[in-house]
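One structure is given here, and the rest of the page talks about it.
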Amino acid sequence: MYLFEYQAKALMRDWGIPVLEGAVATSEQRALDAARELGEGPWVVKAQIHAGGRAKGCVEGESNLSGIEFSDTVLQVGRAAAGMLGAHLATPQTMGKGETINAVYIEPEIKSSVQLFVAILIDGQRGEPVCLASMRGGSQVERDVSDDPKTLVRANLGAGSQIAAEPGLEIASQLGLRPAVKVGFAQLIQQLHALFMACDLSLIEINPLAIRDNDSLVALDARVTVDDNALFRQPKLAALASRAEVSKAEEVAAKHGFNFIQFDGDIGTFSSGAGLAMATLDALSHLGGRPANFLDVPPVLEVSRVKEAFILVLSDPKLRCLLVNVFGAGIMRCDTIADGLLLANLEQPVTVPVVMRLAGTNAPLATSRLERSGLSIQFVSDLASGAAAAVDRRAPPASFAGSESLIGQLTRRLFRTRTGRGL
Amino acid sequence: MSILIDRSTRIICQGITGRQGTFHSERALASGTQIVGGVRQGKGGAMHLGVPVFDSVAEAMDETQANASVIFVPPANAAEAIIEAVDAKVGLVVCVTERIPVLDMVRVRSYMAKSETVLVGPNSPGVAVPGLGTLGIMPQGIFLPGKIGIVSRSSTLTYEAVDQTTRNGLGQSSCVGIGADPVGGISVSQCLELFMEDEQTKGIVLIGEVGGTAEENAATFLSSLDNTKPVVAYIAGQTVQEGRRMGHAGTIIHYGMGTARTKIDALREAGVSVVFSPVDIGSTMAKCLGQQISAPRDTGVEY
Numbered sequence: 001m002y003l004f005e006y007q008a009k010a011l012m013r014d015w016g017i018p019v020l021e022g023a024v025a026t027s028e029q030r031a032l033d034a035a036r037e038l039g040e041g042p043w044v045v046k047a048q049i050h051a052g053g054r055a056k057g058c059v060e061g062e063s064n065l066s067g068i069e070f071s072d073t074v075l076q077v078g079r080a081a082a083g084m085l086g087a088h089l090a091t092p093q094t095m096g097k098g099e100t101i102n103a104v105y106i107e108p109e110i111k112s113s114v115q116l117f118v119a120i121l122i123d124g125q126r127g128e129p130v131c132l133a134s135m136r137g138g139s140q141v142e143r144d145v146s147d148d149p150k151t152l153v154r155a156n157l158g159a160g161s162q163i164a165a166e167p168g169l170e171i172a173s174q175l176g177l178r179p180a181v182k183v184g185f186a187q188l189i190q191q192l193h194a195l196f197m198a199c200d201l202s203l204i205e206i207n208p209l210a211i212r213d214n215d216s217l218v219a220l221d222a223r224v225t226v227d228d229n230a231l232f233r234q235p236k237l238a239a240l241a242s243r244a245e246v247s248k249a250e251e252v253a254a255k256h257g258f259n260f261i262q263f264d265g266d267i268g269t270f271s272s273g274a275g276l277a278m279a280t281l282d283a284l285s286h287l288g289g290r291p292a293n294f295l296d297v298p299p300v301l302e303v304s305r306v307k308e309a310f311i312l313v314l315s316d317p318k319l320r321c322l323l324v325n326v327f328g329a330g331i332m333r334c335d336t337i338a339d340g341l342l343l344a345n346l347e348q349p350v351t352v353p354v355v356m357r358l359a360g361t362n363a364p365l366a367t368s369r370l371e372r373s374g375l376s377i378q379f380v381s382d383l384a385s386g387a388a389a390a391v392d393r394r395a396p397p398a399s400f401a402g403s404e405s406l407i408g409q410l411t412r413r414l415f416r417t418r419t420g421r422g423l
Numbered sequence: 424m425s426i427l428i429d430r431s432t433r434i435i436c437q438g439i440t441g442r443q444g445t446f447h448s449e450r451a452l453a454s455g456t457q458i459v460g461g462v463r464q465g466k467g468g469a470m471h472l473g474v475p476v477f478d479s480v481a482e483a484m485d486e487t488q489a490n491a492s493v494i495f496v497p498p499a500n501a502a503e504a505i506i507e508a509v510d511a512k513v514g515l516v517v518c519v520t521e522r523i524p525v526l527d528m529v530r531v532r533s534y535m536a537k538s539e540t541v542l543v544g545p546n547s548p549g550v551a552v553p554g555l556g557t558l559g560i561m562p563q564g565i566f567l568p569g570k571i572g573i574v575s576r577s578s579t580l581t582y583e584a585v586d587q588t589t590r591n592g593l594g595q596s597s598c599v600g601i602g603a604d605p606v607g608g609i610s611v612s613q614c615l616e617l618f619m620e621d622e623q624t625k626g627i628v629l630i631g632e633v634g635g636t637a638e639e640n641a642a643t644f645l646s647s648l649d650n651t652k653p654v655v656a657y658i659a660g661q662t663v664q665e666g667r668r669m670g671h672a673g674t675i676i677h678y679g680m681g682t683a684r685t686k687i688d689a690l691r692e693a694g695v696s697v698v699f700s701p702v703d704i705g706s707t708m709a710k711c712l713g714q715q716i717s718a719p720r721d722t723g724v725e726y
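So the sequences go chain by chain: A and B.
Going letter by letter, the first sequence gives residues 1 to 423 in this note's numbering.
Going letter by letter, the second sequence gives residues 424 to 726 in this note's numbering.
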């Protein structure tokens, strides 16, 4: 789960990590008031979205506006807020049109000559948290590191819930920080680590971290993601979950525990298992098909949940074909899939061609049940022929009738993933 | 021979009385897997599915001389269940539970550092050796005793690979689903190493997916060997594009690893036959082995 910058900073403030005083605004008026309350300026107005790269982003319809605006006057604060609020912001880290800006965060602008990058995340190979740091903070940090890997300092932090000052001091030395800054930096690393461990974070990143004239440190930006699997024991963080980041359909899916992502293609997919679901999308894309969704239904015994999953896919108005690819195994049986589709058909009639590849437990039983149902289904024996059939059977749209091959070649549609598999 | 389990493997099931534990233990028992007991705190002394239930793993180990455990405990308690098994010196622990908090697994990995227990998972479909049995949730009836070792990060795609190597008559020596969680037990490379040493295994199927660096590490391992058996790999998620992300650290930590492209390139460089569709796994393996061994035979396996 992603936190907005202002949420991440509130959390950091609770843990003693130095951040600036700031204010959240959801209207132009509130932004103006907030700016006055924060002092005499200058200020920074920052779009609150669940992605980074905001300074390099562009607010939809406002070619002069990025997601980070420096403002010398209250009037400029108001103008920036008015331009951002309600608009989309596309950045190098978002997809498509970008994310809707529902709030801005206003902070005093501070000048600093040195800006660091510092982050803690899980090193999967070592199986423990690792700290990454660089003297060259800012949005170009990835490029700097790939150009010159030596600019990155890396330190594993062990598995304990607390660390001593030494790892932070060691990182500070490797970065070449001045002695006056070192102790504060080491303390900051300890605080970030304690927060990371106590709140089940999967990422905490400060970029940039500014060194001020008096040698104190302050976080100018903050990125925090929380391990979704640990939300059950982080009720305060779970309560911050923003519904704004998911579509209505994705919200329904989340309620039922489906792993579901909507795309703008026209071939609906239904699979069980994230790997098989990904392979289904791969197979369609290789043939020029455009998936309408990613759906991984976890193994279930209840037909009702399978029904809900089918309704979810079938209710997409863009749908022109449905490809079901299930390997019945363990608790997930093919006859449950068949019954789920038949029940879904009663509530959300199937109006598009259906291609089904059923294998594994009770596949013949499922097939015979579906054949008796009168639904028009093409059964195939493997994924490749299923994907080919789905791309073929997709009824051509009125405006493109007769140019199927063109459509086929048109796109390998880009899509985003939220499967939580480390992307 | 096989890897990880053999004829002497005696299994207890942690969480045997739960719905998943019951479902899968019942099937495993029916197929001849040696499940000799179960663990559920508070239900010690009872019988379930014809095997005794104990209050603790230690007690179950004492009474049944088990040497392996399969875990079907809910995510909030799964880490403790693994640690209990490690404390009881269980040789092989297969954790099927998914959605375990990653910091719990950090704690478990650190706890296991000096232990001899081998952990498979979490979020693992288990380990199967055709003719011997299954620990976990892999389906019965798709296996054929044979010569292909399968190691996979994806449960359902494991079954695809099994299905194809059964259909073309190659069969499987052993099959391990290691799970795709960021922090887990046995790695792809460690499984490859076991398969390289296993005489029965003549070829290896590796099923990876985007994210993490397990496949790149496996490629490094394979490159370090003088002689390798043929390896066929499929990487799921080739068309997945990186989506919305937070900050830069996630990209920086892997230095240009972790994508389908980097994995495929690394594996090819190491001499692995990478297929672009899971459908081609079985036929490609047959082709690889055809040059060294006899042509695949038709066993007429059906469902």
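Every residue gets a Cβ at the ideal spot worked out from N, C-alpha and C, and that includes glycine.
Given the structure is predicted, the values throughout are model-derived calculations rather than measurements.
Exercise for review: Kindly indicate if chain A contains any beta-carbon less than 8 angstroms away from that of Asn-500/B.
Suggested key: So no, Asn-500/B is outside the interface.
**Study point:** Ile-17/A (DSSP reduced to helix, strand or coil)
**Key:** If DSSP states are grouped into helix, strand and coil, Ile-17/A belongs with coil.
Practice item. Evaluate the contact criterion for the stretch 294–313 of chain A versus the stretch 550–558 of chain B: three or more CB pairs, one atom per stretch, below 8 angstroms. Key: Contact between the stretch 294–313 of chain A and the stretch 550–558 of chain B is absent: fewer than 3 CB-CB pairs across the two stretches fall below 8 angstroms.
Practice item. Please list the partners that Gln-661/B has in chain A, where partner means a Cβ-to-Cβ separation under 7 angstroms. Key: Scanning chain A for C-beta atoms nearer than 7 angstroms to the C-beta of Gln-661/B yields Asp-282, reported in chain order.
**Study point:** Short CB-CB distance (under 8 angstroms) between Ile-478/B and chain A
**Key:** Looking at the sequence itself, residue 478/B is Asp, so the reference to Ile does not match. Interface with chain A (8 angstroms Cβ-Cβ cutoff): Asp-478/B is excluded.
Exercise for review: Taking a Cβ distance cut-off of 7 angstroms, strictly less, list which residues of the stretch 553–580 of chain B are near chain A, in chain order.
Suggested key: Within the stretch 553–580 of chain B, those residues whose Cβ lies closer than 7 angstroms to any Cβ of chain A are, in chain order, Ile-560, Met-561, Pro-562, Ile-565, Ser-577, Ser-578, Thr-579, Leu-580.
Review point. Does the stretch 104–122 of chain A touch the stretch 193–207 of chain A, meaning 3 or more C-beta pairs lie closer than 8 angstroms?
Key: With the cut-off at 8 angstroms, the stretch 193–207 of chain A and the stretch 104–122 of chain A touch.
Check your understanding: Which bits of chain B does Asp-148/A rub up against, with CB to CB less than 7 angstroms?
Key -> Correct list: empty, because the minimum Cβ distance to chain B is about 12 angstroms.
Exercise for review: Determine the extent of the alpha helix (DSSP H) in which Leu-383/A is found, giving its start and end residues.
Suggested key: Note, Leu-383/A: alpha helix (DSSP H), 383–393.
Practice item. Compare the C-beta of Ala-642/B with all C-beta atoms of chain A and state if any pair is closer than 8 angstroms. Key: Chain A places no beta carbon closer than 8 angstroms to that of Ala-642/B, leaving this residue out of the contacts.
Review point. Is the shortest distance between the beta-carbon of Gly-635/B and the beta-carbons of chain A less than 8 angstroms?
Key: Gly-635/B counts as touching chain A.
Check your understanding: Apart from the five residues on each side of it in sequence, which residues of its chain come closer than 8 angstroms, Cβ to Cβ, to Glu-486/B?
Key -> Closer than 8 angstroms at Cβ, skipping near neighbours: Gly-460, Pro-475, Phe-477.
Point to revise | When Ser-479/B, Glu-583/B, Ser-610/B are compared against Gly-328/A, the one with the closest alpha-carbon | key: For Gly-328/A, the nearest C-alpha among the options comes from Glu-583/B.
Point to revise | Lys-150/A - DSSP class collapsed to helix/strand/coil | key: It is helical.
**Study point:** Per-residue DSSP class, three states only, for Arg-442/B
**Key:** Three-state result, Arg-442/B: helix.
Review point. What does a CB cutoff of less than 6 angstroms around Ala-210/A pick up in its chain, not counting 5 residues either side in sequence?
Key: Ser-112, Gln-115, Val-218, Leu-220, listed in sequence order.
Practice item. Please name the residue in Glu-539/B, Gln-595/B, Ser-700/B, Phe-699/B whose C-alpha comes closest to that of Phe-566/B. Key: For the set Glu-539/B, Gln-595/B, Ser-700/B, Phe-699/B, the Cα lying nearest the Cα of Phe-566/B is the one of Gln-595/B.
Point to revise | Sequence-distant residues of the same chain with beta carbon closer than 7 angstroms to Gln-7/A, five excluded per side | key: Closer than 7 angstroms at the Cβ level, and outside the excluded window around Gln-7/A, lie Leu-240.
Practice item. Can you pull the chain A residues whose beta carbon is under 8 angstroms from the beta carbon of Pro-524/B, in chain order? Key: Those within 8 angstroms of Pro-524/B in chain A are Asp-200, Asp-227, Asn-229, Ala-230, Arg-233.
Review point. For Val-606/B, which residues of its own chain have a beta-carbon under 7 angstroms away from its beta-carbon, when the five flanking residues on both sides are left out?
Key: Excluding positions up to five away in sequence, the list reads Val-525, Met-528, Val-529, Arg-532.
Check your understanding: Under a three-way DSSP split, which group does Val-525/B fall into?
Key -> Of the three classes helix, strand and coil, the one that applies to Val-525/B here is helix, per DSSP.
Exercise for review: Output the distance between the C-alpha atoms of Glu-347/A and Gly-340/A, rounded to the nearest integer angstrom.
Suggested key: If you take the alpha carbons of Glu-347/A and Gly-340/A, they lie about 11 angstroms apart.
Check your understanding: Where Gln-76/A and Glu-40/A are concerned, what is the direct C-alpha to C-alpha distance, given to the nearest angstrom?
Key -> Each residue's Cα considered, the two are about 13 angstroms apart.
Exercise for review: Counting only the same chain and skipping the five closest in sequence on each side, list residues whose C-beta sits under 7 angstroms from that of Ser-440/A.
Suggested key: Since the first residue of chain A shown is 1 and the last is 423, residue 440/A is not available in this structure.
Review point. Just the Cα atoms here: how many angstroms apart are Pro-170/A and Arg-154/A?
Key: A small correction: the amino acid at residue 170/A is Glu; Pro does not occupy that position in the sequence shown. Distance between the alpha carbons of Glu-170/A and Arg-154/A is about 10 angstroms.
Check your understanding: Taking Leu-542/B as the reference, which of Arg-522/B, Val-513/B, Lys-570/B has the closest Cα?
Key -> When only C-alpha atoms are compared, the closest one is Val-513/B.
**Study point:** Val-655/B beta carbon less than 8 angstroms from that of Val-611/B
**Key:** Judged by their CB atoms, Val-611/B and Val-655/B are not nearer to each other than the 8 angstroms cut-off.
Review point. Chain A beta carbons: is any one of them nearer than 8 angstroms to that of Phe-446/B?
Key: It does; some Cβ of chain A falls within 8 angstroms.
Exercise for review: Let me know the secondary structure DSSP gives Ser-315/A once reduced to three states.
Suggested key: In the structure shown, the three-state DSSP call for Ser-315/A is coil.
**Study point:** Proximal chain B residues relative to Asn-293/A, where beta-carbon distance stays under 9 angstroms
**Key:** Within chain B, no residue comes near Asn-293/A; the closest Cβ sits about 13 angstroms away, beyond 9 angstroms.
Practice item. Rounded to whole angstroms, what's the CA-CA distance from Ala-10/A to His-50/A? Just pull it up for me. Key: Taking the CA atoms as reference points, Ala-10/A sits about 16 angstroms from His-50/A.
Exercise for review: With a threshold of 16 other CB atoms inside 10 Å of the CB of Ser-575/B, please say whether the residue is buried or exposed.
Suggested key: With 16 or more Cβ atoms within 10 Å of its Cβ, Ser-575/B is classed as buried.
**Study point:** Where Phe-327/A meets chain B, residues with beta-carbon distance less than 7 angstroms
**Key:** Contact of Phe-327/A with chain B by beta-carbon distance below 7 angstroms involves Thr-579, Tyr-582, Glu-583.
**Study point:** Cutoff 8 angstroms: His-193/A Cβ touching any chain B Cβ
**Key:** Taking 8 angstroms as the threshold, the shortest C-beta distance from His-193/A to chain B does not fall below it.
Review point. Which residues in the same chain as Ser-700/B place their Cβ atom closer than 8 angstroms to its Cβ, once the five residues preceding and following it in sequence are excluded?
Key: Correct list, in chain order: Tyr-657.
Review point. In the DSSP assignment, what residue or residues form a beta bridge with Leu-89/A?
Key: Bridge partners of Leu-89/A: Val-59/A, Glu-99/A.
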